[in-house]
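Report on the following structure.
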Amino acid sequence: MKPFISVTLYRIKSFYRDTFTFLFSLILPIVFVLIFGFVFGEREMGSNGYGVKIGVIRSDVEIVKVLGEMENVKIFEFENEADLRNHILKGNIDGGVTFDGEKFNFIINFSTFQQNPFLRTFGESFSKAYSLHEVGMDKGFIKMEEEFIDPGKAQVSSLGYIIPGVLSFSISSAIFTMIALFGYYRKRKVIKRFAVTPINPIIFISGMVLGNFVVGIFSCLLVLLIVQLIFHINFSINWGFFLLSVSSSILGMMALGIVLTALFREPQTANNAGNLLVNIMLFFSGVYFPLDFLPSYLKVFAKFLPLYYVGRALRISLGIEEGRSSFVLTFSFVMISTFLILVFISGRNIFNLEER
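Residue numbers (UniProt numbering): 1 to 356.
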C-alpha cells in the first residue's frame, strides 16, 4: 500500500513540472473562465440596466420621448450636434439620433457598432417606435412582461452555459496523461524498469492513474470555485451527480488517450491526434454553445463525440439543463467500464509493446 501511495503522491507533485499537462488542464481553463467571464458577464450586466447609450440634441423633445419609451436605452442630452458627435467619437456614448426636418440621422461609432449587436437593429426599431408615436398608437398596445417559472433548476446566463464547456476542456486533458503514461513512458522503457524493482508495475500504473485522476478533480473544482467567487453564477449543483460526472468523464477521457496510444505507436503522433480530436470535439459537441446553432448534419455528428455526453452530464449536474438522473448514471457507467476494460488490456500488454 505504501508504494502505491508514494507513486500517487509523486505523480501529483510532478504534475506541476509537466508543462504541457499543467498548462492544458489548469492554466488554460482558468484563463478561458476569466476571458469569457469578463466578456459575457459585463455584456449581460450592462443589458440588465440598458443595452445602448444614445445621445440626442436637447431641443429634439419628441425624439427624447420616443427613446424614453424604448427598452434598454439610456439617453444623454447635448446642446448641439457637434458636441454629440464629439462624445460619439470618444466612445462616451454608443450612438446618437438627430432630425434635420426631413429625415432622421443615426450616428454611430463604427468600432462600437461592431462590439454591440443591439446597434445593428436600433435604427429600424427607433423608426418603428417613432412612427407609432406620431400616429398616437404608442399607447395602444398591450405591454407584455416575461415571467419565468422556476423548474427547480438554476436560471443562468450565456456565461453559465459556457462554464461546463470550460470544465469539459479541462477534463479532456486526461487524454494526454494517458498518452504520456502508455506512450512516452513505454517508448523510454520507464515502466519496464520497475520489473527489476520491489515495486510492482501494476502498482506503478495504478498510482499514476490515481494521481492524474486527483489532479483532474482538483482542476475542475478550482475552475468552479473561481467562477462562483468572481462572477457569482447561481448554479443549482447536485454535488453527487457533479462529482460522479466529473470523475467518470476523466476516466472516459483517459480511456480515449489509451485508444490513441494503441492506434499510434509514436507518442508524438498520438499527442497530435489527441490535440486534433479535442479541438473537433470542443467546436462540434455543443459544450460552448447550443447545438441549435449548428446545421442538422453536424447535430448528428455531435452525438458521436464523447465530449457531447460529457458536456450534457455536467449541465444536468449543475442545474443548467433538464435531464433524467438515468442519463448521468448510464453515462458514468459506460465511461468507467470502458476505462477499466482498456486499462486492464493495455496494462497487460504494455511490456510486450516495449519489447517490440
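Ideal Cβ positions, reconstructed from N, Cα and C, are used throughout, including at glycine. If you're wondering where the values come from, they're calculated on a predicted model, not measured in any experiment.
Measure the CB-CB distance between SER168 and VAL310 and report whether it falls below 8 Å.
Translated into the one-based positions of the sequence shown, residue 168 becomes position 168. Translated into the one-based positions of the sequence shown, residue 310 becomes position 310. Yes, the pair counts as a contact, with Cβ atoms nearer than the cut-off.
Indicate the three-state DSSP secondary structure (helix, strand or coil) for LYS2 in the structure shown.
Counting from 1 along the sequence shown, the entry for residue 2 is found at position 2. LYS2 falls in the helix class under three-state DSSP.
Give the single residue among ASN86, ASN92 and GLY123 whose Cα lies nearest to the Cα of ASN103.
On the sequence shown, position 103 is the one that residue 103 refers to. One point to set straight first is that residue 103 is Lys, not Asn, in the sequence displayed. It is GLY123.
Just tell me which of THR121, ARG186 and SER170 has its CA closest to the CA of PHE24.
The sequence position of residue 24 within the sequence shown is 24, counting from 1. For the residues THR121, ARG186 and SER170, the minimum Cα distance to PHE24 belongs to SER170.
Using CA coordinates, which residue listed in ILE162, PHE235 and GLY240 is at the minimum distance from LEU34?
Here residue 34 is taken as the residue at index 34 of the sequence shown, counted from 1. Among ILE162, PHE235 and GLY240, the Cα nearest to that of LEU34 is on ILE162.
Who are the near neighbours of ILE264 in its chain, counting only those whose CB is closer than 7 Å to its CB and skipping five residues on each side?
Along the sequence shown, one-based indexing puts residue 264 at 264. The residue asked about is misnamed: residue 264 is Phe in this sequence, not Ile. The answer, listed in chain order, is ALA270 and ALA273.
Pick helix, strand or coil for ASN105, following the three-state DSSP scheme.
Taking the sequence shown and counting its residues from 1, one reaches residue 105 at position 105. ASN105: strand per DSSP, three-state reduction.
Exposed or buried, which one is ILE280 when buried takes at least 16 other CB atoms within 10 Å?
What you label residue 280 is simply residue 280 of the sequence shown in a count that begins at 1. When all chains shown are included, ILE280 counts as exposed.
Run the CB neighbour count on ALA302, radius 10 Å, all protein chains shown included, and call it buried at 16 or more, exposed below.
Indexing the sequence shown from 1 puts residue 302 at position 302. ALA302 is classed as buried because its beta carbon has at least 16 other beta carbons within 10 Å across all chains shown.
For the alpha helix (DSSP H) that contains PHE284, what are its first and last residues?
One-based indexing of the sequence shown puts residue 284 at position 284. PHE284 -> alpha helix (DSSP H) spans 267-284.
Please return the same chain residues whose Cβ sits closer than 6 Å to the Cβ of SER219, not counting the five positions on each side in sequence.
Walking along the sequence shown from the start, residue 219 turns up at place 219. For SER219, where only same-chain residues beyond five positions count, the Cβ hits under 6 Å are SER25, LEU26 and SER170.
DSSP-derived helix/strand/coil call for GLU77:
Taking the first residue of the sequence shown as 1, we reach residue 77 at position 77. In this structure, GLU77 counts as strand in the three-state DSSP scheme.
Check this for me: beta carbons of ILE180 and ILE250, under 8 Å apart or not?
For this step, residue 180 is matched to residue 180 along the sequence shown. For this step, residue 250 is matched to residue 250 along the sequence shown. The amino acid occupying residue 180 in the given sequence is Ala; Ile does not appear at that position. Not closer than 8 Å, so no.
Assuming PHE106 and VAL66 form a contact by the criterion Cβ under 8 Å, report the distance between their Cβ atoms to the nearest whole angstrom.
Translated into the one-based positions of the sequence shown, residue 106 becomes position 106. Translated into the one-based positions of the sequence shown, residue 66 becomes position 66. Contact doesn't hold; Cβ gap of about 13 Å is too wide.
To the nearest angstrom, how far is the alpha carbon of LEU256 from that of ILE336?
Numbered from 1 along the sequence shown, position 256 holds the residue referred to as residue 256. Numbered from 1 along the sequence shown, position 336 holds the residue referred to as residue 336. In a straight line, the C-alpha of LEU256 is about 12 Å away from that of ILE336.
N- and C-terminal bounds of the alpha helix (DSSP H) containing LEU57
Stepping through the sequence shown from its first residue, residue 57 is reached at position 57. It is worth fixing the name first, because residue 57 is Ile in this sequence and not Leu. Run containing ILE57: none in the alpha helix (DSSP H); it sits in the beta strand (DSSP E), 52-57.
Is SER332 near ILE258, with beta carbons less than 8 Å apart?
Your numbering for residue 332 matches position 332 in the sequence shown. Your numbering for residue 258 matches position 258 in the sequence shown. Contact flag unset, no.
Assign SER248 to one of two classes, buried (16 or more other C-beta atoms within 10 Å of its C-beta) or exposed (fewer than that).
Mapped onto the sequence shown, residue 248 falls at position 248. That one is buried.
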